[in-house]
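Those protein sequence lines, which keep their order, are chains E and Y.
134 is the number that the working numbering gives to position 129 of the first sequence; each next residue is one higher, with no gaps.
139 is the number that the working numbering gives to position 134 of the second sequence; each next residue is one higher, with no gaps.
Remarks on the structure that follows.
Protein chains: 2
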Amino acid sequence: MARGLARDHDEKRAALRKGAADYFAQHGYDRASMTGAAKHCGVSKALIYHYYASKEDLLFDILDDHLGALVEVVEAARGEGIRGVIRAVLSAYEDADSEHKLQLDALATLPPERQAPLIAAQRRLVTVMAEAVDAERPGLDADRLRALTMSVYGILNWFYMWHRPGKGLSRAAYADLAADFVIGGLRAV
Amino acid sequence: MARGLARDHDEKRAALRKGAADYFAQHGYDRASMTGAAKHCGVSKALIYHYYASKEDLLFDILDDHLGALVEVVEAARGEGIRGVIRAVLSAYEDADSEHKLQLDALATLPPERQAPLIAAQRRLVTVMAEAVDAERPGLDADRLRALTMSVYGILNWFYMWHRPGKGLSRAAYADLAADFVIGGLRAV
DNA sequence: CACAAAACCGACCGCGCGGTCAAGAGTATT
DNA sequence: AATACTCTTGACCGCGCGGTCGGTTTTGTG
């Protein structure tokens, strides 16, 4: 028998994932070509197809990785209160702006059966946040609990749209401000 | 000299805009083909090109129309407090989900010089909201004012992602809940 | 060392896209 | 009634896309 996968196979795959995620996020998944992504990664297009069977497979892996890490981090913050969850989410988004952006605008381009596991992960994130909201402000009916949970995610998911690293509040400072805002808001409804 | 534009020229153009907006929003601007949009509108592709010079022109007009109406409605709500502004925005989004979605994920595909007037309109929306935030909670430093203003837009802009018409809270009920939440939050920071 | 498979590339392919065009039908103006 | 222009279409075009292929180079293993 002969050689198996290279020792750095997984690292290279991960580098491709990261490079492609940045390129996809910058140009928009649909407009971004595989040729362009390959150039951005400094490799040939054919090499990407050596590591990934299709553009769709590559996208799926990027999103799966990202959401998996997010779920892990958020579940670890369970029980630290809503401030802990908010901090965890915002800190997990750091260095993952591209993946986050992709998740928001390219997930829908996957066929339903490939969306399913990703949507399931999103649902777990929502559930954890809903628990935290419920702990902070018990007694809300289901509709309001859901609406407020989604409003909190609205705040967090919108962050990347207006925040420019190095300008304005730091991520950590914003996390605390957002937590104050959310906690105060929950007290008022 | 002979005939000018048909009497219903503008209505037909508007119908095309609305039909195309729905189609674009449903499939994603980049994936959505002009052939598909034409079929969706029940006309030939060539006819769309009779009314619009290019796919990009069509997109621009959709967004320009939408943002123009939004600015109008929001400026009219100036002085009605932050609750009034929140209500105005959410009510303006009604029947404009497609346009709103397009604005969020296709504006960036326009060349910078065509983005400029649309971004200027967005900035006016932000300014009005910032004034309302400042009126509700005076004395915030610029960074916090901006962060909180954007957080409010995060809540509102995220609404279309999770709300399903006919399920859960009505738009009006949510507008009031969101206003309570925001006002309570501003009091707490 | 021998060698089989992995790692990598440039050239190529079919398809569907945005956009064009020549022509026919319809209609407000003279 | 004649006219000139809008309205509308199906057929067509060039291009760049996702993806493939045949080949060379590199490398772990027996």
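Cβ atoms here follow ideal geometry from the backbone N, Cα and C, with glycine treated the same way.
Going along the chain, which residues of its own chain have a beta-carbon closer than 7 Å to the beta-carbon of residue i, five neighbours each way excluded?
| i | result |
| --- | --- |
| E:G84 | none |
| Y:R119 | F65 |
| Y:A58 | none |
| E:A147 | none |
Once the 5 residues before and after residue i are set aside, which same chain residues still bring their CB inside 8 Å of it?
| i | result |
| --- | --- |
| E:P143 | none |
| E:K60 | M39 |
| Y:R151 | A135 |
| E:T154 | V131, M134, A135 and V138 |
| Y:H45 | G24, A25, D27 and Y28 |
| Y:V194 | R142, L145, R149 and L153 |
| Y:K172 | none |
| E:L109 | N162 |
Inspect the beta-carbon positions of residue i and residue j and report whether they are closer than 8 Å.
| i | j | result |
| --- | --- | --- |
| E:I67 | E:L161 | no |
| E:A81 | E:F29 | no |
| E:R149 | Y:L182 | yes |
| Y:G190 | E:F186 | yes |
| E:H32 | E:G24 | no |
| Y:L5 | Y:Y56 | Only positions 6 to 194 of chain Y appear in the structure, and residue 5 of chain Y is not among them; the question remains open. |
| E:Y34 | E:T114 | yes |
| Y:V89 | E:G159 | In the sequence under discussion, the amino acid at residue 89 of chain Y is Gly, which differs from the Val named in the question. Result no, Cβ atoms of Y:G89 and E:G159 do not sit closer than 8 Å. |
Return the chain-ordered list of same chain residues with a C-beta closer than 6 Å to the C-beta of residue i, the five sequence neighbours on each side being excluded.
| i | result |
| --- | --- |
| E:I87 | A137 and E141 |
| Y:A93 | V78, V79 and A82 |
| Y:A37 | Y28 and F29 |
| E:A95 | Note that residue 95 of chain E is Leu in the sequence shown here, rather than Ala. Excluding residues within five positions, the ones whose Cβ falls inside 6 Å are R176 and A180. |
| Y:A184 | R88 and I91 |
| E:A97 | L75 and V78 |
| Y:A19 | none |
| Y:H195 | Because residue 195 of chain Y is not part of the residues shown, which for chain Y are 6 to 194, the question remains open. |
For residue i, is the beta carbon positioned less than 7 Å from some heavy atom of the ligand FAD?
| i | result |
| --- | --- |
| E:K172 | Summarising the ligand content, the structure contains no ligands, and the ligand FAD is consequently not present. |
message: For the pair the stretch 71-84 of chain E and the stretch 124-132 of chain E, tell me if three or more CB-CB distances fall below 8 Å.
response: yes
- prompt: Which parts of the stretch 74-134 of chain Y are runs of the beta strand (DSSP E), unbroken and 3 residues or longer, counting only runs that do not cross its ends?
  reply: none
- request: Would you check if the stretch 38-53 of chain Y and the stretch 100-116 of chain Y touch, i.e. whether three or more CB-CB distances between them fall below 8 Å?
  value: no
Uninterrupted alpha helix (DSSP H) stretches inside the stretch 128-189 of chain E (no shorter than 4 residues): 147-167
task: Taking only runs that begin and end inside the stretch 22-72 of chain E, name each unbroken alpha helix (DSSP H) of 4 or more residues, in chain order.
output: 39-46 and 50-56
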